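Residue numbers (my numbering): 7 to 119. Beta carbons: idealized from backbone N, C-alpha and C, even for Gly. All values derive from a computational prediction rather than experimental measurement. I have placed the structure first, in the form of structure tokens, so that the comments after it can refer back to it.
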């Protein structure tokens, strides 16, 4: 198989995922815009924070998925299961840390923005 075709074929799920996330956000903005400018401003001010959190979580997901795929490709299924569990623990810990930090600074963060 041609390497360019293989890379394109592998990239399709990521492209679809990002496209669906963008469409979801556009639809949200459309409907929230119908509520009023204050609601739209509130959503717009939080979009950067959500983007940053999505990006950080994507780092964990992409890294974990890559390691799992490499293990499965080399038939190291036990190691793949271990990495999968570690990935779940890592993303759970990040989530808890983000929640704690977010609850501590959200008022100052949005006043700053």
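Are there three or more Cβ pairs, one per stretch, closer than 8 Å when the segment 61-72 is compared with the segment 89-106?
yes
Looking at the structure shown, is residue 25 part of a helix, part of a strand, or coil, going by DSSP?
helix
Quick check on DSSP: helix, strand or coil for residue 7?
coil
If distances are taken between C-alpha atoms only, which option among 44, 80, 55 and 100 comes closest to residue 112?
55
Within the segment 62-119, note down every full beta strand (DSSP E) run reaching 3 residues or more, in order along the chain.
none
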